[in-house]
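Quick notes on the structure that follows.
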Amino acid sequence: MDLEQRLDQRLAAIAARAEASLADCLAGRGNSLALAPERLSAAMAHGTLAGGKRFRPFLLVECARLFGHEEEAALPAAAAIEVLHCYSLIHDDLPAMDDDDLRRGRPTVHRAYDEATAILAGDALLTLAFEILADPATDPDPAVRIALSLRLARAAGAGGMVGGQMLDLAAEGRSLSEAEIRRLQAMKTGALITAACAMGAELGRAPAEDVARIVRYGDLIGLAFQLADDLLDVEATAETAGKRTGKDAERGKATLVSIHGAAWARGELDRLVAEAQSLLAPYGAAADTLAAAARFVADRRS
Numbered sequence: 001m002d003l004e005q006r007l008d009q010r011l012a013a014i015a016a017r018a019e020a021s022l023a024d025c026l027a028g029r030g031n032s033l034a035l036a037p038e039r040l041s042a043a044m045a046h047g048t049l050a051g052g053k054r055f056r057p058f059l060l061v062e063c064a065r066l067f068g069h070e071e072e073a074a075l076p077a078a079a080a081i082e083v084l085h086c087y088s089l090i091h092d093d094l095p096a097m098d099d100d101d102l103r104r105g106r107p108t109v110h111r112a113y114d115e116a117t118a119i120l121a122g123d124a125l126l127t128l129a130f131e132i133l134a135d136p137a138t139d140p141d142p143a144v145r146i147a148l149s150l151r152l153a154r155a156a157g158a159g160g161m162v163g164g165q166m167l168d169l170a171a172e173g174r175s176l177s178e179a180e181i182r183r184l185q186a187m188k189t190g191a192l193i194t195a196a197c198a199m200g201a202e203l204g205r206a207p208a209e210d211v212a213r214i215v216r217y218g219d220l221i222g223l224a225f226q227l228a229d230d231l232l233d234v235e236a237t238a239e240t241a242g243k244r245t246g247k248d249a250e251r252g253k254a255t256l257v258s259i260h261g262a263a264w265a266r267g268e269l270d271r272l273v274a275e276a277q278s279l280l281a282p283y284g285a286a287a288d289t290l291a292a293a294a295r296f297v298a299d300r301r302s
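Per the UniProt record's numbering, the sequence shown starts with residue 1, numbered consecutively.
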């Protein structure tokens, strides 16, 4: 079996386990959702249990495994980062933000329900992420749970994902420099991908120098993820991407693809992948799956 096939198997296996963990969380098993109104719970499930590659949980689990942490023990933290990611998608799709009707091939939450319910579903998922991380079932060591919570809060908040979304909204119709685009994308998309990698390393009790190496790996694949997304927006159809495409041009948003062109973007993706893979060299074959994941990010079609 070649490395690409092994990666496909690992992605599918972790996605299935993450999906089951998310379903348990949203069913209120062991958390406050047992008290949630039915419509709110249904909207949260619609925005979360919609399939997908579960790439952030995959990164967290694989980075934890690299440092000897069992997959099963990493699943609660993986669920936490995924429910937070799903909250961000629900809010990003709202008419006041990106105004999207389709997500993963299904109606967005505000279309399937209504805007107020979508806002509250996102709020509840955001809160649930930190409820999960604070639970001793996520890790018996309170210091680790605090570190995970701090890492995710910083990645998701005003200096990370939310701040990046603000920059993205303000960028519509404006001409941005390459440095401004890279900053926006690192915050909006890259911060949560980097956090997934770092949280896995922290669960595995990796030494500080290894956490720093894994953080850099996460930064690089986060940049590659967004660059590949920009290419998809230009080249893919809504059917293959699972969401509306051509949005950046419609809204006058500057991207690295719009500045440099698709050919440059493919070359830059190759550069980012090569650097990301080089960071994993000290770990040998144990990091093969993460090395393959870097290429997967660059080559994805949805």
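Note that CB positions come from ideal geometry on N, CA and C, so glycine has one too.
Item: Where do the N-terminal and C-terminal ends of the alpha helix (DSSP H) with ASP99 fall, by residue?; Value: Premise fails: ASP99 is in no alpha helix (DSSP H) and is neither H nor E.
Item: Across which residues does DSSP place PRO107 in a beta bridge pair?; Value: LEU102
Item: Output the distance between the C-alpha atoms of VAL61 and THR48, rounded to the nearest integer angstrom.; Value: 19 angstroms
Item: Which residue comes first and which comes last in the alpha helix (DSSP H) that contains GLY222?; Value: 208 to 235
Item: Grab me the residues of ALA134's own chain with a C-beta within less than 7 angstroms of its C-beta, minus the 5 sequence neighbours each way, in chain order.; Value: ARG145, SER149
Item: DSSP state of SER177, grouped into three classes?; Value: coil
Item: Between which two residues does the alpha helix (DSSP H) containing GLU166 stretch?; Value: Sequence check: residue 166 is Met here, not Glu. Taken as a continuous stretch (DSSP letters only), the alpha helix (DSSP H) holding MET166 covers 161 to 171.
Item: Would you kindly report the start and end of the unbroken alpha helix (DSSP H) that includes ARG295?; Value: 288 to 299
Item: Any heavy atom of the ligand COA inside 8 angstroms of the beta-carbon of GLY204?; Value: Absent from the structure shown: the ligand COA. Ligands present: none.
Item: Just curious, the alpha helix (DSSP H) that TYR87 is in, first and last residue?; Value: 71 to 92
Item: Could you tell me the distance, in whole angstroms, from the CA atom of ALA298 to the CA atom of ALA224?; Value: 6 angstroms
Item: Counting Cβ pairs, one atom from each stretch, are 3 or more of them under 8 angstroms apart for the region 188 to 203 and the region 147 to 167?; Value: yes
Item: To the nearest angstrom, how far is it from the Cα of ALA206 to the Cα of PHE67?; Value: 6 angstroms
Item: Which residues bound the alpha helix (DSSP H) around ARG39?; Value: 38 to 48
Item: Under 9 angstroms, do ILE193 and ILE221 count as touching if we go by C-beta distance?; Value: yes
Item: Could you tell me the distance, in whole angstroms, from the CA atom of LEU3 to the CA atom of LEU272?; Value: 19 angstroms
Item: Buried or exposed: where does HIS85 fall if 16 or more other Cβ atoms within 10 Å of its Cβ makes it buried?; Value: buried
Item: Since ALA43 and VAL109 are thought to touch, with beta carbons under 8 angstroms apart, how far apart are those beta carbons, to the nearest angstrom?; Value: 5 angstroms
Item: Can you confirm whether the region 117 to 137 touches the region 72 to 89 when touching is taken to mean that 3 or more C-beta pairs between the two stretches lie within less than 8 angstroms?; Value: yes
Item: Check whether the Cβ atoms of ALA137 and PRO76 lie closer than 9 angstroms to each other.; Value: yes
Item: Which value, in whole angstroms, describes the spacing of the CA atoms of ALA45 and ARG106?; Value: 13 angstroms
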